[in-house]
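Numbering (this note's numbering), first residue to last: 446 to 1049.
For glycine and all other residues, C-beta sits at the position ideal for the given N, C-alpha and C.
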Amino acid sequence: MLKVYAREVSGFRSLGKILASIFVAFCFATQSLTAATASIFHPPLDPARPRSSYIAQAKRGMVVAAHPLASAAGEAMLKAGGLAVDAAVATSFALAVVRPQSTGIGGGGFLLYHQASDKSTRAYDFRERAPALATRDMFLDTKGNPTSFRYNGIDIPDSAVNGHLAVAVPGLVRGLVELHTKYGKLPLAQVLAPAIKIAESGFPVYPALAKLLLQRESVLKHFPGTFKIFFRRSKPLQTGDLLVQKDLAWTLRQIAAKGTAGFYDGAVANLIVTEMKRGKGLVTANDLASYAMREREPLTGAHRGHRIISMPPPSSGGAVILEILNILEASGANQEQKLTYGSTGAVHWLTEAMRRAFADRSIFLGDPEFTKVPLKGLISAEYAASLRASINPLKATPSSEVKGGDPEKFEHPSTTHLSVIDSQGNAVSSTQTVNYYFGSGVVAEGTGVLLNDEMDDFAKKSGTANVFGLVGSDANAIKAGKTPLSSMSPTLVFDHNGKLRLVLGSPGGPRIITATLQTIINVLDHQMSLADAVHAYRIHQQWLPDKLEMEPDGLTPNVVKELKAMGHNVVEHVGMGDVEAIEVTESGLIGVSDTRSDGKPMGF
Ligand code: GLY
446 MLKVYAREVS
456 GFRSLGKILA
466 SIFVAFCFAT
476 QSLTAATASI
486 FHPPLDPARP
496 RSSYIAQAKR
506 GMVVAAHPLA
516 SAAGEAMLKA
526 GGLAVDAAVA
536 TSFALAVVRP
546 QSTGIGGGGF
556 LLYHQASDKS
566 TRAYDFRERA
576 PALATRDMFL
586 DTKGNPTSFR
596 YNGIDIPDSA
606 VNGHLAVAVP
616 GLVRGLVELH
626 TKYGKLPLAQ
636 VLAPAIKIAE
646 SGFPVYPALA
656 KLLLQRESVL
666 KHFPGTFKIF
676 FRRSKPLQTG
686 DLLVQKDLAW
696 TLRQIAAKGT
706 AGFYDGAVAN
716 LIVTEMKRGK
726 GLVTANDLAS
736 YAMREREPLT
746 GAHRGHRIIS
756 MPPPSSGGAV
766 ILEILNILEA
776 SGANQEQKLT
786 YGSTGAVHWL
796 TEAMRRAFAD
806 RSIFLGDPEF
816 TKVPLKGLIS
826 AEYAASLRAS
836 INPLKATPSS
846 EVKGGDPEKF
856 EHPSTTHLSV
866 IDSQGNAVSS
876 TQTVNYYFGS
886 GVVAEGTGVL
896 LNDEMDDFAK
906 KSGTANVFGL
916 VGSDANAIKA
926 GKTPLSSMSP
936 TLVFDHNGKL
946 RLVLGSPGGP
956 RIITATLQTI
966 INVLDHQMSL
976 ADAVHAYRIH
986 QQWLPDKLEM
996 EPDGLTPNVV
1006 KELKAMGHNV
1016 VEHVGMGDVE
1026 AIEVTESGLI
1036 GVSDTRSDGK
1046 PMGF
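Here is the structure:
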């Protein structure tokens, strides 16, 4: 279908373009641009899949995570009298075992913690940081071109993504253990027990894991520590094979016994440093020992009378989500913006808002300790109004004409997400990652720890795209000790009375932002149930490349045709995040796990 439209649109000459504009204007005038989707559910549901595998209702506590074993680990903590942080930490360590393609103790993350007793929300940053030896041009050759990674005489492409040089200092263990000490109630050993058991006894490889192992085979096979775990008879593990991670179980036991010292000092740290030396990686014993979690001021905004709290820099997630919501709501325009879900007008406005906010992401955002981020400006209503005024309601703005605004004037399925609420109303929203699938591909031999490739989230060279196609600027250039810019967007939404309503987030590189955003919009603007909001078809626009991505077969052919006539470069894209969300309702908690992936909500 889409190919047919591409042919139609590319055939327009100037007269055609004029006629198309008149047609679009006519449709707006007659409101015939508001045709919605035929069905909002994506992906079309397997009739054999039970509803209980993706929606759960509960009264006392809920955990939603991207693998049933991880949700079960968290739920067991809640049932044992643990608090939200006990459950979140147990779930995170379990995810580190069952989703090595997405997260792991060789990675990092962000976490929002809402404490019911004083209604406070705190943001924690335990994301990976550049090692002290990192330098601005470390991934470029003398001519300024990206380098490959040479290992055992073999050239592996893209040294920022693959191999030892791509590894930044991991923060996940420091964050989880310190947060457990601060807010947990159960002993650390109890919280780590489910992850240790799964690593020790193994779990069956599921189709998505098998598929990604095959996709990354050409990189993973070069590293002996990785090969030993994820390959059998020289082939990547297949669906149904048991994935046993004895070394990882040993490492997790060190953490259970010694806390952060079990990872950042002693035997595990020594093995990580030895691995780094083996491949000329930069992470040293001192980098590990000196890694510290940081508390950040959460970012707060509003939409349709709700308060949105999300992650501040060094994540771009919260700022971009708030900037887009502000553009859509700016200048009292919200009634106009309440267009039918899936209509041409709704998709156009959303796309144009995404385009502008992602341009600002590329230009202004970076680690606030190293670069001045005009944060208040970026999320101010006045700035949003100025951007909104630049949107032509009838025509796409080419990304080449969007250069980033002037916010200073207004100054004010890699990755995984988990959401938890306990019986006291405490909540955790946390997104964690090793960056690209299986991170750098390098397991530190003897530890079972798959190390991240978070260095690729820096702008290696101004204007050059990273593995997610994102471009950056000096604000996100590499520097020793600096944190690479992230898109991770753990988010909380509070209603008009200040009561917690939604806990949510998603994996998906830049699509983390747009998947989280659209779930919020679907609930608050389109009044969808949480299950519909999570499963509705999604779109994505990230400024560059100049593409309007949409999940296949979502929008009606007419809407696609109209969007193309307006100048949008429409392409199909499969893989738009994996939202794990909880809604607090009058009748209890509703947990929804995105059927785009393998998660499950569990509550009691
Ligand atoms: N590594 C993906 C992100 O942090 O955005």
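- Look at the beta carbons and you see the segment 801 to 813 touching the segment 761 to 768: at least three pairs across the two are nearer than 8 Å.
- Under DSSP, Gln560 takes part in a beta bridge, and its partners are Ser565.
- Relative to the Cα of Pro997, the nearest Cα in the group Gly598, Thr892, Gly787 and Ala529 belongs to Gly787.
- In this structure, DSSP gives Met738 a state outside helix and strand, which the three-state scheme calls coil.
- The C-beta separation of Phe555 from Pro935 comes to about 6 Å, placing the pair in contact by the 8 Å criterion.
- As DSSP reads the structure, Ala510 sits in a beta bridge with Lys1045.
- At a threshold of 7 Å, Met933 counts as near the ligand GLY, since its beta carbon sits closer than that to one of the ligand's heavy atoms.
- Here the alpha carbons of Ala976 and Leu687 stand approximately 32 Å from one another.
- Nearest in C-alpha terms to Val912, of all of Met900, Asn921 and Ser918, is Met900.
- In chain order, Thr1040 place their CB closer than 8 Å to the CB of Arg494, counting only its own chain and leaving out the 5 sequence neighbours on each side.
- Looking at the DSSP output, Pro813 shares a beta bridge with no other residue.
- If you draw a straight line from the Cα of Glu740 to the Cα of Thr705, it comes to about 17 Å.
- Judged by beta-carbon spacing, Leu937 lies beyond the 8 Å limit of Ala1026, meaning their Cβ atoms are not closer than that value.
- With 16 or more neighbouring CB atoms inside 10 Å of its own CB, Arg833 falls in the buried class.
- Beta-bridge annotation (DSSP): Phe571 is paired with Gly554.
- Secondary structure at Thr796: helix, using DSSP grouped into helix, strand and coil.
- For Gln869, the closest C-alpha among the options Tyr499, Lys524 and Thr789 is that of Lys524.
- Here Gly1036 carries a strand assignment [DSSP, helix/strand/coil].
- For Arg677, the beta-bridge partners assigned by DSSP are Lys680.
- Three or more beta-carbon pairs drawn from the segment 504 to 515 and the segment 535 to 546 are found closer than 8 Å, and the two stretches are therefore classed as touching.
- Nearest neighbour of Gly1022 by Cα position, chosen from Leu993, Pro990 and Arg956, turns out to be Arg956.
- In the DSSP annotation of this structure, the continuous segment of the beta strand (DSSP E) that includes Ala1026 starts and ends at Glu1025 to Thr1030.
- DSSP places Phe594 inside the beta strand (DSSP E), whose first and last residues are Phe594 to Tyr596.
- Taking 7 Å as the cut-off, the C-beta of Ile1027 does not count as close to any heavy atom of the ligand GLY.
- Taking 8 Å as the cut-off, the beta carbon of Gly608 is found closer than this to the beta carbon of Phe594.
- Looking from the CA of Glu814, the closest CA among Ile717, Ile923 and Val887 belongs to Ile923.
- For the set Gly1020, Pro545, Ile1035 and Ser874, the Cα lying nearest the Cα of Leu624 is the one of Ser874.
- When the alpha-carbon of Gln986 is set against those of Gln560, Gly914, Pro632 and Asp970, the nearest one is in Gly914.
- In terms of side-chain proximity, the C-beta atom of Gly616 is found no nearer than 7 Å to any non-hydrogen atom of the ligand GLY.
- Around the beta carbon of His980, a 10 Å sphere encloses 16 or more other beta carbons of the protein chains shown; the residue is thus reported as buried.
- Membership of Leu993 in the beta strand (DSSP E) is indicated by the continuous run Leu993 to Met995.
- In the displayed model, Ile808 falls within a helix according to three-state DSSP.
- By the neighbour-count criterion, in which a residue is buried when 16 or more other Cβ atoms sit within 10 angstroms of its Cβ, Glu774 is buried.
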